[in-house]
Structures are given as structure tokens and as C-alpha cells.
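A.B. asks: The listed protein sequences correspond, in order, to chains D and R. Heads up, the first sequence is in my numbering, so the first residue is 2 and it goes up one at a time. Heads up, the second sequence is in my numbering, so the first residue is 2 and it goes up one at a time. No residue lacks a Cβ here, since even glycine has one placed at the ideal position from N, Cα and C. Keep in mind it's a predicted model, so treat the numbers as computed, not measured.
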Amino acid sequence: MLSYEKIYFGSTCNNRCVVCDWPADASSPSLNELVAQVDALADGENIELVGGEPTLHDGLLSLISYARRRGGRRIKLRTNGRSLADGRFLETLVQEGCRVFEVSIFGSRPDVHEAVTRARGGFNETLAGFQNLQALSSAEAPGRSVYVAGRIGVTDRNVDDLLPTVSLLMSFGVDILKIVRMGSDLGITPGAQAVATAMKVATLNRVWSMCKGFPPCTMKGSETHLMELLRPTPASGDKPKSCSQCLFETICAGPPEGYPEKRGTREFRAVKGEFPHMRGIEYLTQLVASHAE
Amino acid sequence: MPSSNSRVLLVSFNVAGHDSLALGYVKAYALKDPTVSRKTHIEILNLSHEEGDVRQALYYMTDYRPHLIGLSCYCWNMPRMLELSRSVKQIMPEVPIVAGGPEVGPVADEYLAKHPTLDVGIHDEGEAVFLDLIKYYLAGKGKLDSISGISFRRGDTVVRNADRPPIKDLDEIPSPYLTGILIPRDGVTYVQSFRGCPFRCGFCYEAGRHKGLRFFSYERVQAEIELIMGNPGIRSFHFVDSVFNLNAKHLKKIAGILGSHNRRGTRLRTIEVFAENLDEEAVKCLIEAGVQSIETGPQTAVPETQKRIGRYFDPEKFARAVRLLKDAGIEVWCDLIVGLPGDDFFSCAYSVAFIMNLKPAHIVMSILHVLPGTPLFDQAETFGLAFDPDAPHYVIENDTFPFQQIYDSVLYSSAVTKEYNMAFS
């Protein structure tokens with residue numbers, strides 16, 4: 002997976018997601034502060050713009066332009082996609098140098114999506130954003146091509162709608178799907194089953210999908226899709242005792258924070274015995290470690 | 002229609018708008034023969050692999066009415082060549098069809114046995130063999146049995162003649178450019194300074210061929226370069242040499258020739274280099290040669306896999322070379338093959354990550370083709386290799402890489418490298 006350095010646009014957002022980790026205050030850095038973040042990047046080649054919702058910031062276009070001038074070669078915008086419903090705005094973003102988009106969605110229908118985002122009308126805008134991105138992708142005009150990742154936040158409120166959501170995003174021709182467990186209420190086992198099925202369907206339709214937030218012991222048979230294994234980093238913290246015997250002990254963070262207290266640890270069982278991929282994962286671990294250094 | 006007594010049509014479907022250099026050589030060699038030159042008209046039909054159509058070729062043939070047809074066969078165009086041969090036999094059953102090229106050569110007998118529309122298969126290098134076939138078919142000289150380097154059909158059986166040694170002195174083959182057979186065009190002109198490869202990579206056709214290298218004379222290469230670089234319309238061209246930096250002496254010589262004739266800033270694009278062998282001196286030569294971009298491995302970054310497929314790989318030297326090239330302003334394109342025996346999903350993901358960390362300009366991902374004549378093809382059983390026996394011979398699985406993981410790896414690598422390749426230069 003490609004690594005990006007992040008530029009934080011603050012927590013201002015036009016969605017009010019029930020699973021959002023950001024504080025409720027609408028703090029927003031000035032353009033100068035954003036520029037300072039770019040200047041402070043260790044590398045500056047791959048830059049990811051994250052919020053809140055970066056498209057609401059007046060300085061977004063200026064910052065993209067500045068990051069390009071500073072040597073940014075890939076500028077990715079993580080967005081809820083609502084502002085991309087404005088096709089002209091999207092074209093301007095692309096012209097300034099943003100060509101990679103990661104757009105979040107929470108359902109295949111307004112009621113499901115907006116039950117999470119708590120922003121009425123937002124679903125249709127996000128959909129229009131995907132449509133505009135698809136139109137740009139298929140335009141094949143030089144310098145206008147874009148890369149689109151669909152990011153599905155999966156919670157206890159929308160897990161039953163995951164498969165239709167995946168189908169919806171595939172209909173927009175997304176390049177990749179990222180399914181991320183959000184909030185603390187989704188049961189790991191039913192969540193993992195739904196995610197594994199959805200990823201199988203995506204694979205069958207030749208769209209690559211990855212997921213995050215499900216320990217490898219809960220995703221047997223879907224290990225190749227786990228972001229935690231594709232970019233393995235040393236993991237520590239409180240884990241059930243049985244985790245000490247797991248093959249993935251050094252790179253798995255264990256159950257999600259707060260989960261054992263609510264639901265116990267019975268769902269998490271050490272992976273033992275032969276795992277055919279271990280050599281490749283070890284190579285990846287070494288590479289990630291040396292890159293971090 | 003030309004007034005010559007005999008008409009020969011050579012056909013190729015080529016990628017990215019190129020003309021077939023191979024067919025240029027075949028024609029140039031045949032026309033060296035005074036009788037053939039006087040009595041035979043040889044036409045090359047270059048069609049686009051991406052946009053070309055078998056019926057275009059057929060349309061051309063019905064107009065040209067050839068007496069002999071030669072097909073230049075590669076893994077990517079073979080299905081179309083077979084379709085073409087079937088169609089031709091429907092309307093011109095009397096016209097012999099000769100199939101040559103790397104797709105047919107190593108398995109010529111099998112192709113003839115399986116496809117009755119092909120009359121002759123050329124085992125290896127085609128220039129001298131095809132000249133003999135012209136003489137046999139169009140002037141009635143000799144017998145098929147005595148033409149070495151071919152397999153042919155006699156009734157229901159396929160007869161295999163002895164192989165023919167390759168042409169030792171490559172200058173015996175006249176230059177298709179200097180003879181006016183091929184007209185250099187911008188961005189799609191190939192030059193060759195030698196044939197063969199010093200390496201024995203398991204997936205490569207060159208590895209299964211003759212040992213040793215054969216060279217065109219530097220004078221001949223220089224004359225071609227003078228012609229190409231003297232054309233103000235040519236802003237860039239390519240070398241098809243298996244390794245442009247074959248050794249320091251050869252690199253210096255070729256770079257000197259290119260540098261001394263480059264008056265218009267002509268650039269060399271996507272030449273193949275052996276990265277581990279590049280040092281500061283070699284990079285200087287590449288600059289002198291006008292190299293704009295190079296293409297190189299590592300195909301996989303996993304040392305065990307490299308060893309298994311007979312490749313030399315030194316990750317540190319490789320990384321250093323990429324850095325040197327980038328610092329010199331040369332674009333680096335890195336290649337990755339999915340499906341190699343020794344790899345699996347996560348080692349393939351590691352290779353993608355390894356390459357991305359080097360920050361090349363572009364990553365080229367492809368699926369393993371188990372090509373006839375390659376060590377992997379010959380030792381398929383050893384590697385547990387399952388692959389499509391028909392061209393383009395995509396790998397299905399091997400002893401370390403089950404099919405589902407190969408399928409996953411192709412999707413993953415395609416998605417990630419597409420994102421990587423979105424970069425601004």
C-alpha cells in the first residue's frame with residue numbers, strides 16, 4: 002500500500018457522523034498553518050489531505066497548489082464527497098493537482114447513510130460526487146484522470162447494507178474499496194462475516210478491496226485483504242492472554258479498544274500452526290520498519 | 002497489384018504503433034538475393050495490435066493476392082494470427098502460410114499438428130530460412146526436406162527438419178533502415194546492436210535460446226543511428242537490445258556513437274538495463290547517449306524467488322542504481338511480474354512495496370506468461386506450473402502461488418500500481 006503523509010484540515014465538517022472520533026468543536030487551521038504542515042513533512046511526495054472535511058476549507062486549492070510546487074507528486078483528498086457534487090469545483094481540484102480521491106460512504110440508501118452521518122441530503126450529494134469522479138475517470142483526457150477509492154465505514158447501523166453499498170460503489174467504477182470498522186458497537190464476528198462476503202463479491206467483480214479493524218484471527222481466509230497485514234507495524238498494548246501464542250502477536254493490536262470490556266474476548270483465538278504467508282509478511286514488516294527509520 | 006512474378010506478404014500485429022523490425026530484417030535478407038530481388042515483390046503489412054483487425058489483413062490480401070504468406074507470431078498476437086490463417090485458407094487455400102517468431106519457434110511441431118491452416122513453422126531465427134522458403138515455393142528450387150530450421154506438413158504428418166544454426170555475422174543481414182525497407186518514425190523506431198542475452202531469466206524467451214551474443218558491427222549501427230538522428234522528425238527512438246548496458250566497453254561505444262550524432266536533442270526511451278551493473282560512469286554514458294527513460298526489473302524483490310527463476314538480484318545495488326538514474330534525471334520504469342514460482346500473495350505485495358519505496362517514475366505490472374522456449378516452460382513440472390497452453394500462456398498457478406492468490410495479487414497490484422502511477426512527473 003502506498004504511504005501518505007497527512008495534512009490535517011481541522012475538524013470542521015458538514016456531516017455529523019455518530020462514529021466520528023473528532024472533537025465537536027469546529028477548529029480550523031489557517032492557510033499559513035496548513036502551509037507550515039506541508040513544510041514540516043519529512044518527504045512531501047505523497048500527501049493526504051484529511052479533516053473533518055477538507056473541501057470546506059477556503060485554503061484547499063491554494064494548499065494543493067503549494068504542495069505541488071513543493072514537490073508533491075500524489076495529492077490525495079479524503080472527503081465525504083459532498084462538495085464534489087459541484088463538477089466545476091472537482092475539475093478545479095484536479096487541475097490544481099489533486100488526482101487521488103478517497104470518498105467515504107455509509108450506505109447504499111439515504112436512510113442508511115444518513116443514519117450514520119446525521120446530515121439530511123448528504124447522501125445524494127455524495128452520490129453526485131462519485132458520479133462526477135466517474136465521469137472524469139472515463140474522460141481519459143490528459144491530466145484529468147483520477148483515482149478513486151471508496152471508503153465504507155461499517156458500523157452496527159449499516160452492516161446489513163454492506164453488500165448493496167459495495168455494489169453501488171462498483172457501479173461507479175471505483176479503483177479500490179476500503180472497508181473500515183467504525184464505532185464500538187459492531188460485533189466483530191458478524192461484522193467480519195459481512196465484510197468477508199462483501200470483499201469476495203468485489204473480488205469476483207475484479208475490484209480490489211481491503212478492510213481495517215478486524216484482527217486476523219477473525220478474518221480467516223481473508224487475510225490477503227487485511228490492511229494491518231499489508232502494512233504490518235509492531236503492535237503492543239493490552240491483549241487477551243491467548244494472543245501471546247498467536248502467529249500475528251507482534252503485528253496485531255488485538256481486539257479493538259474497549260471491545261473486550263463490552264463483549265469479552267471469546268471471539269479472539271490465537272492463530273497457530275503453519276501459515277503459508279508468513280515469509281512475505283516478515284519481508285513486509287522489515288520493509289515497513291526500515292522505511293519508518 | 003505489383004507486376005513482379007511472385008508476391009510475398011509478411012504480416013504482423015504490433016503494439017503501440019511500432020513497425021515490425023523482425024519482418025524488416027526478413028525482407029532485407031531476402032532481397033539481398035539477386036534473383037529474389039528481381040522476381041519477387043515482398044510487402045510487409047504492419048497492423049496495430051490494439052486497434053487492428055484480422056479482416057483488415059484479409060482485405061489487404063484479397064487485393065495484393067500473395068503467393069506466400071509469412072506471419073510474425075508473438076504470444077500477444079497469436080490468437081489473431083490463427084484466426085487470420087483460418088480465414089485465408091477459406092479463400093486462398095493454395096497459398097502457403099509460414100509461421101515464425103518466438104511464439105511458434107520453440108513449439109513449431111505442436112502448432113502445425115494442432116492448426117492445419119499453418120503449412121510451415123520456423124524453429125528460430127527467420128531470415129535465412131525464409132529466403133530458402135521463398136526460393137522453394139516461388140521458384141521451385143530445392144525440397145522442403147532439405148531446408149533446415151523448419152517443420153512442415155506432409156499429408157497428415159508433421160515433418161521436423163534439423164535446426165539451423167543462427168547467422169554468425171549479423172552484418173550479413175542488410176539494415177532495413179539503410180535499404181529503405183523501414184522508414185524511421187518518431188517514437189516507434191527500434192535499433193538493435195546485438196542479439197542474445199547474457200542472462201538466463203526463467204520467464205524470458207532469450208534465456209532458452211542460443212548461448213553467446215552476436216553483434217552488428219559498430220559501423221553498421223552507426224550508419225543506422227546517423228540516418229535516424231539525421232531525421233528532424235525523430236525526437237525519440239528505442240533500442241531492442243536485451244541489455245543496453247551489456248558491458249562497460251559496449252555501453253561506452255554505443256553511447257559515443259549516439260552522443261556524436263545527436264545534434265537535435267533526440268532521446269532514447271525505455272531501453273532495458275541491468276540495474277545492478279550501473280555505476281556513476283555507466284550513468285554518464287546513458288546521459289551521453291541521450292537516454293530519457295530506462296526500464297528494468299526487478300520482477301520480484303524476493304531473493305528466494307529470484308534464485309529459483311535463475312535471476313541475479315542485489316537489492317542494495319538495484320536501489321542504488323535507481324537512485325543514480327533518478328539523480329541524473331533519467332526516468333526509471335520498474336517491472337513486476339505476478340505469478341512467479343517462489344512468490345505468493347504477501348511476497349508479491351512486498352515486491353510492490355519494495356519498488357514503491359525506490360520511487361521510480363512508473364511501475365509496470367504484468368502477469369507471468371509461461372512462454373514456449375523459456376526455462377519455466379521447459380521445467381513447468383518442477384515448479385508445479387499450470388498455465389494456459391494457448392497463447393498468451395497466462396499462468397494459472399504454481400507450487401507456491403495458488404490460483405486464488407494469483408488472482409488476488411493481480412487485483413491488488415493493479416490497484417496499487419495504478420494509484421502509484423497517478424503521480425505527476
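Which residue wins for smallest C-alpha separation from PRO235 of chain D, given the options D:LEU227, D:PRO24 and D:PHE249?
C.D. replies: D:PHE249
A.B. asks: According to DSSP, which residues form a beta bridge with GLY45 of chain D?
C.D. replies: Beta-bridge pairing links GLY45 of chain D to no other residue.
A.B. asks: Unbroken alpha helix (DSSP H) runs of length 4 or more, entirely within the stretch 258 to 318 of chain R: which are they?
C.D. replies: 281 to 289 and 304 to 309
A.B. asks: Relative to the C-alpha of LEU252 of chain R, which candidate in R:MET230, R:ASN232, R:ASN278 and R:THR267 has its C-alpha closest?
C.D. replies: R:ASN278
A.B. asks: Identify each residue in the stretch 194 to 213 of chain D for which the Cβ-Cβ distance to at least one residue of chain R is less than 8 Å, and report them in chain order.
C.D. replies: THR204, ARG207, VAL208 and TRP209
A.B. asks: Are the Cβ atoms of TYR421 of chain R and ILE331 of chain R separated by less than 7 Å?
C.D. replies: no
A.B. asks: Please identify the residue among R:LEU145, R:PRO390, R:HIS262 and R:MET357 whose C-alpha is closest to the C-alpha of HIS370 of chain R.
C.D. replies: R:PRO390
A.B. asks: By the 10 Å Cβ neighbour count, where 16 or more other Cβ atoms means buried, how is ALA100 of chain R classified, buried or exposed?
C.D. replies: Of the residues assessed, ALA100 of chain R falls on the buried side of the cut-off, its CB having 16 or more other CB atoms within 10 angstroms.
A.B. asks: Residues in the same chain with beta-carbon distance under 7 Å from TYR395 of chain R, minus the five sequence neighbours each way, listed in chain order, please.
C.D. replies: Answer for TYR395 of chain R: ILE368, HIS370, PHE388 and ASP389, listed in chain order.
A.B. asks: Report, in whole angstroms, the separation of the C-beta atoms of ARG158 of chain D and VAL117 of chain D, which I expect to be a contact under 8 Å.
C.D. replies: 6 Å
A.B. asks: Closer than 9 Å by beta-carbon distance: list the chain R residues that pair up with GLU46 of chain D, in chain order.
C.D. replies: LYS360 and ALA424
A.B. asks: Note down, in chain order, every chain D residue with its Cβ under 7 Å from the Cβ of ALA350 of chain R.
C.D. replies: LEU231, GLY281 and LEU285
A.B. asks: According to DSSP, simplified to helix, strand and coil, what is TYR1 of chain R?
C.D. replies: Residue 1 of chain R is absent from the model: chain R starts at 2 and stops at 426.
A.B. asks: Between the beta-carbon of SER301 of chain D and the beta-carbon of GLY259 of chain D, is there less than 7 Å?
C.D. replies: As displayed, chain D neither begins before 2 nor continues past 294, which places residue 301 of chain D out of reach and without an answer.
A.B. asks: Provide the residue span of the alpha helix (DSSP H) that contains ARG69 of chain D, from first to last.
C.D. replies: 61 to 70
A.B. asks: Measuring only the C-alpha atoms, how far is ALA37 of chain D from GLN287 of chain D?
C.D. replies: 31 Å
A.B. asks: Starting from the C-beta of ARG268 of chain R, find all residues in its chain whose C-beta is less than 7 Å away, skip the five residues before and the five after it, and write them out in chain order.
C.D. replies: ARG236, SER237, GLY291 and GLN293
A.B. asks: List the endpoints of the continuous alpha helix (DSSP H) containing HIS226 of chain D.
C.D. replies: HIS226 of chain D -> no alpha helix (DSSP H), and no H or E assigned at all.
A.B. asks: Taking C-beta pairs closer than 7 Å, name the residues in chain D that ALA416 of chain R reaches, listed in chain order.
C.D. replies: ASP176, ILE177 and TRP209
A.B. asks: Note down, in chain order, each residue of its chain lying with its Cβ closer than 8 Å to the Cβ of THR266 of chain D, except the 5 sequence neighbours on either side.
C.D. replies: Taken in chain order, the residues that qualify are PRO241, SER243 and PRO256.
A.B. asks: Report the three-state DSSP secondary structure of HIS68 of chain R (helix, strand or coil).
C.D. replies: coil
A.B. asks: Report the neighbours of LYS419 of chain R on chain D: residues whose CB is nearer than 7 Å to its CB, in chain order.
C.D. replies: Near LYS419 of chain R (Cβ distances below 7 Å), the residues of chain D are TYR148 and ASP176.
A.B. asks: Would you mind reading off the limits of the beta strand (DSSP E) that contains PHE14 of chain R?
C.D. replies: 7 to 15
A.B. asks: So, under 8 Å CB-CB, SER175 of chain D and LYS213 of chain D are touching, yes? Tell me the CB distance rounded to an integer number of Å.
C.D. replies: With the sequence shown as reference, residue 175 of chain D is identified as Val, and Ser is not the correct amino acid for it. Not confirmed; about 17 Å, so no contact.
A.B. asks: Alpha carbon to alpha carbon, what distance is there between VAL353 of chain R and LEU341 of chain R?
C.D. replies: Straight-line Cα distance between these residues: approximately 14 Å.
A.B. asks: In chain order, what residues of the same chain have a beta carbon less than 6 Å from the beta carbon of VAL105 of chain R, not counting five sequence neighbours either side?
C.D. replies: CYS74, TYR112 and GLY122
A.B. asks: Can you list, in chain order, the residues of its chain with a C-beta nearer than 7 Å to that of HIS226 of chain D? Leave out the 5 residues immediately preceding and following it.
C.D. replies: MET200, SER210, MET211 and CYS212
A.B. asks: Taking the CB atoms as reference points, tell me whether PHE217 of chain R and SER243 of chain R lie closer together than 7 Å.
C.D. replies: no
A.B. asks: With a threshold of 7 Å between beta-carbons, can TYR413 of chain R be considered close to chain D, or not?
C.D. replies: yes
A.B. asks: How long is the line joining the alpha carbons of HIS278 of chain D and GLY257 of chain R, rounded to whole angstroms?
C.D. replies: 49 Å
A.B. asks: Helix, strand or coil: how does DSSP classify THR80 of chain D here?
C.D. replies: strand
A.B. asks: Keeping to the same chain, check which residues put their C-beta closer than 6 Å to that of PRO175 of chain R; ignore five residues upstream and five downstream.
C.D. replies: ALA29 and LYS33
A.B. asks: Let's test the definition: count the other Cβ atoms within 10 Å of the Cβ of LYS1 of chain R and tell me whether it reaches 16, buried, or not, exposed.
C.D. replies: Outside the shown range of chain R (2 to 426) lies residue 1 of chain R, about which nothing can therefore be said.
A.B. asks: Whole angstroms are fine: how far does the CA of GLY281 of chain D sit from the CA of LEU42 of chain D?
C.D. replies: 30 Å
A.B. asks: Under three-state DSSP, which class holds ASN33 of chain D?
C.D. replies: Three-state DSSP puts ASN33 of chain D in a helix.
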